[in-house]
Amino acid sequence: MEKIFLVEDDPLMVRMYEKAFKLSGYDVEMAFDGEEALAKLETMEPKPTLILLDIMMPKLNGLDVLRSLEKNPDLKSIPVIMLTNLAGEKDAEKSLELGAVLYLVKSQYEPKQVVEKVKEVISGYSRKENIPEVKVALKDIESKNEKESKKKK
Amino acid sequence: MARLIQIEKELKKELIQTKDFLLELVGSIPVGIIATDLRGMVVVVNEQALKLLGMRELVNSALNKPVQKLVSGLPTLKETMATQFAKERSSFEIDLLEIKTPSDSQIFLRAKGEPILGGFLLVLEDITESKLAELELQSKVKELDEARLILMSLSEDIQKEKEGVEIKVEERTRELKEEQAQLMASINSLSLGFILCDLNDQIILKNPAVSRILEIPDSEITIDRIKKYFGDTLDLKVCRDQCVKEKKIVEIKNIVVGKKFFRLLLAPVIMLRDSEEIIGHILLLEDITEAKVIERSREEFFAVASHELRTPLTAIRGNASLIEDFYADKIKDKEIMAMISDIHEASVRLIKIVYDFLDVSALEQRKIEFKKQQFDIIALIQEVMRVLKGMADAKKLYLNLEKADAALPMAMADRDRTKQVLFNLINNGINYSQKGGVSVKVEKQDKFLKVYVSDTGIGILPKNQTLLFREFQQAGEKILTRDVTKGTGLGLYISKLLVEGMAGTIGLVKSEPGIGSVFSFTLPIAFDKKEV
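Going down the list, the sequences are from chains A and B. Numbering of the first sequence is given in the numbering used here, commencing with residue 1 and proceeding in unit increments. Numbering of the second sequence is given in the numbering used here, commencing with residue 154 and proceeding in unit increments.
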């Protein structure tokens, strides 16, 4: 059974998504803040198939968790889907820059649709894609990065 | 007796000799001499006298003639002489007798008359040279006098002019001092830091705000000191050079020094007349730390508020959805399922309302950044129609995209926001139509693409058409008469803000109650780099 690691501080959301994934046949592990998430991931065996990561959390927010994951060779390969109600484009851009695969705004998706997205990613549909609500111009990020690296040169 | 005759002979001889001597003497004198007897008959005359009188007679022919006849060419002298012999003879001197000689040249004579024993002596002197000199002198003196008078007059005029100018200068000086005082008061009262520099970057003028904003003592403020203050965050020299060389205003926003934020504006000082020469520049300095803090707080508030509104709504929607998806078989009672469905629908509507409210707020505060993307408008319309097809089919309405007359250029706008506008307009068309359907057409108009969305809906009364594109308007008869299933009434308002944010226009083309409505909006065309 594939394991989903849900990092979410709001109990309403936790209960809802836990239910959705368990009813869809997934094993679900949870953490309620960023620090707890990193601590659990260090020792968790086996590692989860996918991480669902909220952004606004106590102690350590989701973006900082992403940064830490990227630095950890054991964890950086685990796909991360951001699951948040922050609908700003900058948050989405930043998340994708830091290595997230998808950026989903919770209020725009039924729980079943979130499960479908997770399935797609796990099944190998790993390219970064535009989300209906928060579109991220990936070309913009790429060209920005190119410009910055040219400036540094 | 012989002796007496001898003496008489000798005396006569002596007299003749003396007379000859005297005549010779008279003849050699350079002045004209005329002597008369008591009757006025000329007894002695020399050649010089005849010459001066313009007479060509010989001396002998002039003798024994009345002196008036000799001087007949000189009426004044003639009259004088006549008077002399008519009355008691007396001395006289007549000057500036002007006569013309036979050669027609003018000479000036001085005639002096003197009674002598046995007659009258008239001496004529040619004073032409001295008289001409005198006349010339007089002429020169007259000229000098006239010149002096002119000079005096000019001097008076100059003096008056000078006094006038002095008064004007005094008035203008007072005006300038007043203007200067007003300017200084204005500059000193500014909350912005104001610095006026010359072309050598020397500070000519600054106000107290500079010291307050930079927290540097006034006496230490120089351009170098300011450059040092900003350090690497700002190349003041580059900005200044750009301002002065290009004669334009240069603005630098969001300069961060420590915990403070600044905005800097440089403006050239240009002589407005003639040459438009740059004579310096002005530096305006603004501490925008507080404004930045407020802006950040507002942004954070929006982020947090929108997040906090969405989260419980997500729970309501999500759980209702979970029940419908996974627990439907456990709930036998159809009424309960119906209620759960209502809860789900309500939460979806509420989420949409929250999004609409937040969209409106962000758009009104110009917080939304519009991307400039090239995209195919036809493909986008087709995409939106695919999404709304189910809704249209449920009401047995058509969704039709008319073929364009010619190939259409790409649009240059924010693709997602355009999709949102299309969604609003087509969705409205479906919502307000009971039969028929919605058609969309695109055409090129100058530098824009114009999209028409036509429906066969209920239409809008003319008096309600002015209500369109305002917040919460459904263009109904009365504000309380509204169909809540058709939305909050923010759709058109949001569409307006979005289209205008993308440099387009939106409006109602026409509407007839019972027939339908046509809305349109425009978007800029994407030009190839070559075309630009």
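Beta carbons: idealized from backbone N, C-alpha and C, even for Gly.
When C-alpha distances from LEU419 (chain B) are compared across B:GLN159, B:ILE348, B:SER339, B:SER450, the shortest belongs to B:ILE348.
Residue ranges of uninterrupted beta strand (DSSP E) with 3 or more members, entirely inside the region 302-386 of chain B and ordered along the chain, are 346-351, 356-359.
In this structure, the straight-line span from the alpha carbon of LYS59 (chain A) to that of LEU511 (chain B) is close to 28 angstroms. Contact between the region 86-94 of chain A and the region 113-125 of chain A is absent: fewer than 3 CB-CB pairs across the two stretches fall below 8 angstroms. A residue is called buried when at least 16 other Cβ atoms come within 10 angstroms of its Cβ; GLN221 (chain B) meets this threshold and is buried. Taking all protein chains in view, the Cβ of PHE601 (chain B) is crowded by 16 or more other Cβ atoms within 10 Å, so the residue is classified as buried. Residues of the region 448-464 of chain B with a C-beta atom less than 7 angstroms from some C-beta of chain A are ALA456, SER459, HIS460, ARG463, THR464, listed in chain order. Just measuring C-alpha positions, the residue of A:ILE81, A:ALA20, A:SER24 sitting nearest ASP54 (chain A) is A:ILE81. In the three-state scheme derived from DSSP, where H, G and I count as helix and E and B as strand, ASP64 (chain A) is classed as helix.
At a cut-off of 8 angstroms between C-beta atoms, SER107 (chain A) counts as an interface residue with respect to chain B.
Interface flag for ASN580 (chain B) against chain A is unset, since no Cβ pair is found closer than 8 angstroms.
In the structure shown, the three-state DSSP call for LEU285 (chain B) is helix. Not one beta carbon of chain B lies nearer than 8 angstroms to the beta carbon of PRO48 (chain A).
DSSP places LYS597 (chain B) in the uninterrupted beta strand (DSSP E) bounded by 590-598.
By a beta-carbon distance limit of 8 angstroms, ASP567 (chain B) does not contact PHE622 (chain B). Their separation comes to about 19 angstroms. Identification of residues in the region 464-479 of chain B having a C-beta nearer than 8 angstroms to some C-beta of chain A yields THR464, PRO465, LEU466, THR467, ALA468, ARG470, GLY471, ASN472, SER474, LEU475, ASP478, PHE479, given in sequence order. Within the model, the alpha-carbon separation for LEU516 (chain B) versus LEU12 (chain A) is close to 31 angstroms. The residue from B:ASP190, B:GLY193, B:LEU206, B:LEU168 with its alpha-carbon nearest to that of VAL184 (chain B) is B:LEU206. Close partners of ASP10 (chain A) in chain B (Cβ separation under 7 angstroms): THR464. Residue ranges of uninterrupted alpha helix (DSSP H) with 4 or more members, entirely inside the region 190-253 of chain B and ordered along the chain, are 200-205, 212-215, 220-223, 228-239. Note: TYR103 (chain A) is bridge-paired with A:MET82 in the DSSP secondary-structure output. VAL28 (chain A) and GLU596 (chain B) have their C-alpha atoms spaced approximately 53 angstroms apart.
Only those residues of the region 88-99 of chain A whose C-beta falls short of 7 angstroms from the nearest C-beta of chain B are listed: GLY88. Partner residues in the beta bridge of GLY660 (chain B), as assigned by DSSP, are B:SER673.
Among the CB atoms of chain B, one or more fall inside 8 angstroms of the CB of LEU86 (chain A). Neighbourhood of ILE405 (chain B) in chain A, by CB distance below 7 angstroms: empty, with the nearest CB roughly 18 angstroms away. For LYS112 (chain A), the residues of chain B that pass the 8 angstroms Cβ criterion are SER474, LEU475, ASP478, in the order they occur in the chain. In terms of CA proximity to VAL212 (chain B), B:VAL197 leads the group B:GLU278, B:ASP569, B:VAL197, B:SER225. Contact residues of the region 11-36 of chain A toward chain B are LEU12, MET13, MET16, LYS19, ALA20, LEU23 (C-beta to C-beta distance below 7 angstroms). CA-CA distance, GLU70 (chain A) to LEU541 (chain B), rounds to 40 angstroms. Out of B:ASN584, B:LEU175, B:ASP558, B:ALA334, the CA that lies nearest to the CA of GLY543 (chain B) is found in B:ASN584.
Distances from the alpha-carbon of VAL574 (chain B) to those of B:ARG156, B:LEU550, B:MET538 put B:MET538 closest. The CB of ILE504 (chain B) comes closer than 7 angstroms to the CB of SER107 in chain A, given here in chain order. If you ignore the 5 residues before and after ASP440 (chain B), its C-beta comes within less than 7 angstroms of the C-beta of ILE366, LYS413, PHE415, all in its own chain and listed in chain order. Runs of the alpha helix (DSSP H) spanning 4 or more residues and lying entirely within the region 30-65 of chain A occur at 34-43, in chain order. If you look at GLN573 (chain B), you'll find it isn't in any beta strand (DSSP E); it sits in the alpha helix (DSSP H) that goes 568-584.
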